[in-house]
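Notes to accompany the following structure.
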Amino acid sequence: MPKNKINKSRRRLIQSAGTLPLAVSAANALSGHHKTTVGKPVPSNLDEIYPRWNTDSAKWDLQTRRFPGYEIIAAMGIADMDFRTAPEITQAIANRIVHENWGYILTPRSYYESIISWNERRYGEAISRKQLLGATGVLPSIQSAIRAYCPKGSKVVLNSPGYSELYVNIKKAHCIPEESPLIKEKGSYRIDFNDLEKRLSRNDVHAFLLVNPHNPTGNCWDKSDLEEIAEICDRNDAMLFSDEIHCDFVSDESTYTPLFSIQSDAVYRRAVIFKSTTKSFNLSAFKTGYLYAYDTKVISKIRDAGHVEFANTLGLVASEVAYNDSEAWLNEVNHYINRNMIILEEYISENIPLIKFKKPQGTYLAWIDFGNWMDAIDAKTNAKKRNEKEGDYMERHLVERAGIQLGRGYKFGTGGEQYLRMNIGTSRFLLKEALERIKMAANKV
Ligand SMILES: Cc1ncc(COP(=O)(O)O)c(C=O)c1O
């Protein structure tokens, strides 16, 4: 429709809308500029204890429901952060909600541009629009990729211990998770390439699901790791799915190497990368994400397998402004988390000999060895009596004795049985309070 006709028809609409709120002037409506601003959001102060109780928070409120009758001082299991998000994001959302219509939307080109520009600027990845697909999250994207490449009943290899929901989502895509255990040496983990090759060489395996940085161990896989993994996948005709959702959280001494930065035919042919703004900017409830691959045939195949590209309005608004305007906030959070990890490592080594912890290369998740503590409280026998796992017993023990809830390591598969995962994406005060309480509980064992 030509511009003058649009204006005419808009004017007619406005004239017929006798109840149009006075606040929206006709000139405004006709101009197409509906942008209004609301009051400034509170600046983010990472030291602030920002209460999340009674907000239906999975990290906080679910835990009181799971442990009725116990007071939980800090819930530190589920992987989101307790900070207010970046003020630019809150402002953009507030501005958008002034327009009170939530009908179907197009995903704006600027949304994809923000993704392309962010990955270029921050990590030197050159992704073209054709190589990129929007998504309703990383897990749904992984499911789409599995459905596209892995026949029902086939196996998808992943490293264990590995993020619990990956096991769940492989199964939801009608496949079977096949663990390739990481090798643990002096508190650090590495990939067992021989084991990986062995598993990928089987006929009923069509993909390896890498996590970089790895959840829960925090490994940032380096160039030679990635080259070797890609070669193994290529030799064995397997796709290489790389979940890089944690890539924006890396310690000062470490580097995140994007799989997409590896120049190799194997990566060109095999790799699919999954990312989102939701982990980095604490926007998990908005359910957005994206995937990309060098080979556009790979993108088409995933799209054709029923992948859902469309995200929700506020998720798009929040993600775009996050990538375009909130890098300073993210850098500050990263710095804060780095310091939290150092405090955690020092505190544990000086005050809680019953547990073991080594600072990870990436993520805001601390993978803590509670094996000696579990032995000291005879968690195995006690758990058996209650028909539960050692990790359940240990988790409850900490809730009861310290008021602190941590994530159970056995949920992360083989190698996680003696571990609890502590999320340190929280205020320093709460972290220190949690450590004091865990120390007091340990002293009573
Ligand atoms: C490795 C990994 N992948 C995916 C997710 C979840 O992704 P999404 O919420 O976008 O589905 C998480 C959340 O903790 C994660 O740790």
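Start counting the sequence shown at 192; every next residue gets the next number (the working numbering).
Every residue, glycine too, gets a C-beta built ideally from N, C-alpha and C.
- Sequence-distant Cβ neighbours of GLU435 in its own chain, meaning closer than 6 Å and more than five residues away, are ASN403, ILE464, LYS466.
- With respect to the C-alpha of SER540, the residue from ALA336, ILE306, LYS630 having the closest C-alpha is LYS630.
- For GLY378 and ARG494, the gap between their C-alpha atoms comes out near 41 Å.
- Within the region 306-366, the runs of beta strand (DSSP E) at least 3 residues long that lie entirely inside it are, in chain order, 323-326, 346-351.
- Bounds of the beta strand (DSSP E) holding GLY480 are 480-483.
- Secondary structure at TRP564: helix, using DSSP grouped into helix, strand and coil.
- In the same chain as ASN542, and ignoring 5 residues on each side of it, the C-beta atoms closer than 7 Å to its own belong to LYS630, in chain order.
- For GLN282, the enclosing alpha helix (DSSP H) covers residues 278-288.
- In this structure, the straight-line span from the alpha carbon of ARG393 to that of ILE595 is close to 43 Å.
- Contact annotation: THR298 and ALA502 have beta-carbon atoms nearer than 8 Å.
- Under DSSP, PHE465 takes part in a beta bridge, and its partners are ASP434, LEU482.
- Contact between ILE453 and GLU418 holds, since their C-beta atoms are separated by about 6 Å, short of 8 Å.
- Its chain contains GLN254, THR255, VAL590, GLY594, GLN596 as the residues whose beta carbon lies nearer than 7 Å to that of ILE263, once the 5 sequence neighbours on both sides are disregarded; these appear in chain order.
- If you draw a straight line from the Cα of GLU279 to the Cα of ALA513, it is about 7 Å long.
- For SER510, the uninterrupted alpha helix (DSSP H) segment begins and ends at 504-516.
- TYR302 places its beta carbon less than 8 Å from that of LEU507.
- Take GLN282, set aside five residues on each side of it, and the residues of its chain with a beta-carbon closer than 6 Å to its own are PRO232, in chain order.
- For LYS389 and LEU626, the gap between their C-alpha atoms comes out near 42 Å.
- The beta-carbon separation of PRO372 and THR605, rounded to 6 Å, stays under the 8 Å limit for a contact.
- Taken through DSSP and simplified to helix, strand or coil, LYS576 comes out as helix.
- Proximity of the region 438-455 to the region 465-484 meets the contact definition, three or more beta-carbon pairs being nearer than 8 Å.
- Here the distance from the Cβ of ASN614 to the nearest heavy atom of ligand 1 is not below 7 Å.
- Burial check for VAL359: the Cβ neighbour count within 10 Å stays below 16, so the residue is exposed.
- For THR554, same chain residues with a beta-carbon under 7 Å away, outside a window of 5 residues either side, are PRO404, ASN406, GLY409, HIS437, PHE440 in chain order.
- Per DSSP, SER618 lies in no alpha helix (DSSP H) segment and is marked neither H nor E.
- Between LYS478 and THR327, the C-beta gap is smaller than 8 Å, which places the two residues in contact.
- If you draw a straight line from the Cα of LYS488 to the Cα of ALA265, it is about 47 Å long.
- Using a cutoff of 7 Å, the CB of TYR555 does not count as near ligand 1, since none of the ligand's heavy atoms is closer than that.
- In the structure shown, the three-state DSSP call for MET272 is coil.
- Inside the region 370-458, DSSP marks whole alpha helix (DSSP H) runs of 4 or more residues at positions 384-391, 414-426, from first to last along the chain.
- In the three-state scheme derived from DSSP, where H, G and I count as helix and E and B as strand, ALA557 is classed as strand.
- Assignment of ALA266 by DSSP, reduced to helix, strand and coil, places it in the strand class.
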